[in-house]
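First up is the structure itself, then whatever we jot down about it.
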Amino acid sequence: MTVFAQTEQVDLATGEKKDRVTAFIVERSFGGVTNGPPEKKMGIKASNTTEVYFDNVKVPIDNVLGGEGNGFKVAMTILNNGRFGMGATLAGTMKFCIQKAVEHANNRVQFGKKIKEYGCIQEKISQMNILQYATESMAYTISQNMDKGSKEYHLEAAISKIFASESAWYVCDEAIQILGGMGYMKEAELERVLRDLRIFRIFEGTNDILRLFVALTGIQYAASNLKFLQRAFKNPANNFGIVSTEISRRVSTSIGLGTIDFNPHIAPELQNYGKKAANCIELFGKSVERLLVRYGKNIINEQYILKRLSNAAIDIYSMVVTLSRASRAIKLNLPTAQHELNMTKVLCIQASNRCMDNLRNTSAESELEMIDVMEEIAREVCNKGGVNTTHVITN
């Protein structure tokens, strides 16, 4: 098994001793390794989860992974691969759920018609397939970048993990809803899937923490760029090229010139939807810059805002990967090209609307007022230890 433990390391620069994480391969044959009984869990019962105890275990130096004190890097590599793999895995899970739902919709008759002919069912089936398509597109895109030798895919892997885990939960839940009471039965083979899926929003980094990671990664890049420009503007005479370029960029953007252009890279049928993605990217950049100016380093404490910023980034990525995949399908004249085109159109409309709303809400006064009130509500409930309301009839 792979074990992460604190080991004492000496800082070569200062001589100071510090505890750092080191990864080890530990075998039961080393002695001193025991475990408790299997945990009783909601789902993934085929995976044995238990407490492991180590009592004076001797581990050979050859069993150190990645070098002493480098355990965090090893862990991040494992997590990145797990997050990427999750998108591919859950895309398959969604296919299974969709198959079950469609099979029922094609055969179930209500009020004289098969339920597949009703708008509510059509909306569910369409949305389920759009989310599956986007999840699979993310997995394809990340795997291609990895195959090309890219080492920096941790951000995309995090986005993929969030999107895939939440989409799969939605798809399975809607599949059960389409089946109605039958979907609640074990024989439908969906209740176990739903229980198994619940863990995916928790492990490999909870979606809540990963959202902060996604937002702060984007902010970190923007902050470094702003610092560079600030230094240049302090001495414009010696940095005329940098200053003039930045001024030109801002002026051209404000009058609609020099914007992001996806047109050379996507199919003609998707040009208008590429513009939606481009507009979201531009507003995202402006929003990040505005937030940095307003909050500075304290932005890391504004989790309500960071969550909305992250949701915008996730929607942008979903648009980009589906635009790319659908364009490729059209170029190759695949038999499913029109179907993929339709799903991409709907996704871009939905995602761009959500993205714009989230970005505007990072600075809308009504939204900021709501955040303050929600903080107060949460504080009162926690102080009370639960629901903090009084029944009007008893008073």
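Counting in the UniProt record's numbering, the sequence shown runs without a single skipped number right up to 395 at its last residue. Glycine is no exception: its CB is placed at the ideal position from the N, C-alpha and C atoms.
Report buried or exposed for residue i, applying the criterion of at least 16 other Cβ atoms within 10 angstroms of its Cβ.
| i | result |
| --- | --- |
| methionine 343 | buried |
| histidine 265 | exposed |
| serine 324 | buried |
| histidine 391 | exposed |
| glutamate 156 | buried |
| arginine 308 | buried |
| glutamate 174 | buried |
| glutamate 189 | exposed |
| methionine 374 | exposed |
| asparagine 80 | buried |
| valine 171 | buried |
| serine 29 | exposed |
| asparagine 107 | exposed |
| phenylalanine 24 | buried |
| methionine 319 | buried |
| cysteine 382 | exposed |
| isoleucine 377 | exposed |
| aspartate 315 | buried |
| alanine 164 | buried |
| lysine 276 | buried |
| isoleucine 255 | Confidence at isoleucine 255 is low in this model, with a pLDDT of 31, below 50, so the placement of that residue should be treated as unreliable; the coordinate-derived value is given next. Exposed: under 16 other Cβ atoms inside 10 Å. |
| cysteine 120 | exposed |
| glycine 218 | buried |
| threonine 322 | buried |
List the residues that DSSP assigns as beta-bridge partners of residue i.
| i | result |
| --- | --- |
| glutamate 8 | Asp19 |
| phenylalanine 54 | Val33 |
| lysine 113 | Gln110 |
| isoleucine 25 | Thr2 |
| valine 387 | The partner list for valine 387 (beta bridge, DSSP) is empty, contrary to what the question assumes. |
| valine 64 | Phe24 |
Could you give the DSSP three-state label for residue i: helix, strand or coil?
| i | result |
| --- | --- |
| leucine 334 | coil |
| tyrosine 184 | helix |
| threonine 2 | strand |
| glutamate 340 | helix |
| valine 321 | helix |
| serine 310 | helix |
| threonine 14 | coil |
| threonine 245 | The pLDDT assigned to threonine 245 is 45, lower than 50, so where the model puts this residue is not dependable; a value taken from the coordinates is nonetheless given after this. Helix. |
| lysine 95 | helix |
| isoleucine 219 | helix |
| glutamate 204 | coil |
| glutamate 39 | coil |
| serine 150 | coil |
| glycine 71 | helix |
| alanine 46 | coil |
| aspartate 357 | helix |
| valine 59 | coil |
| phenylalanine 213 | helix |
| threonine 89 | helix |
| isoleucine 266 | coil |
| aspartate 261 | coil |
| glutamate 302 | coil |
| threonine 394 | helix |
What span of residues does the alpha helix (DSSP H) with residue i cover, start to end?
| i | result |
| --- | --- |
| tyrosine 273 | 271-295 |
| tyrosine 170 | 154-179 |
| residue 399 | The chain is shown only over 1 to 395; residue 399 falls outside these bounds and no answer can be derived. |
| lysine 384 | 365-384 |
| asparagine 129 | 119-147 |
Would you mind giving the Cβ-Cβ distance between residue i and residue j, rounded to the nearest angstrom? I have them listed as a contact below 8 Å.
| i | j | result |
| --- | --- | --- |
| glutamine 9 | glycine 67 | Glutamine 9 to glycine 67, Cβ: 10 Å. No contact. |
| tyrosine 133 | asparagine 145 | Not confirmed; about 19 Å, so no contact. |
| leucine 368 | leucine 283 | About 18 Å; that fails the 8 Å criterion. |
| serine 167 | alanine 139 | At roughly 12 Å, the Cβ-Cβ gap does not stay under 8 Å, so serine 167 and alanine 139 are not in contact. |
| alanine 312 | cysteine 355 | 5 Å |
| threonine 50 | proline 60 | Contact flag wrong, Cβ pair sits at about 25 Å. |
| glutamate 289 | alanine 222 | 6 Å |
| glutamate 269 | leucine 341 | 6 Å |
Using a Cβ-Cβ distance under 9 Å, would residue i count as near chain E?
| i | result |
| --- | --- |
| alanine 215 | In summary, chain E is missing from the structure at hand, where a single protein chain is found. |
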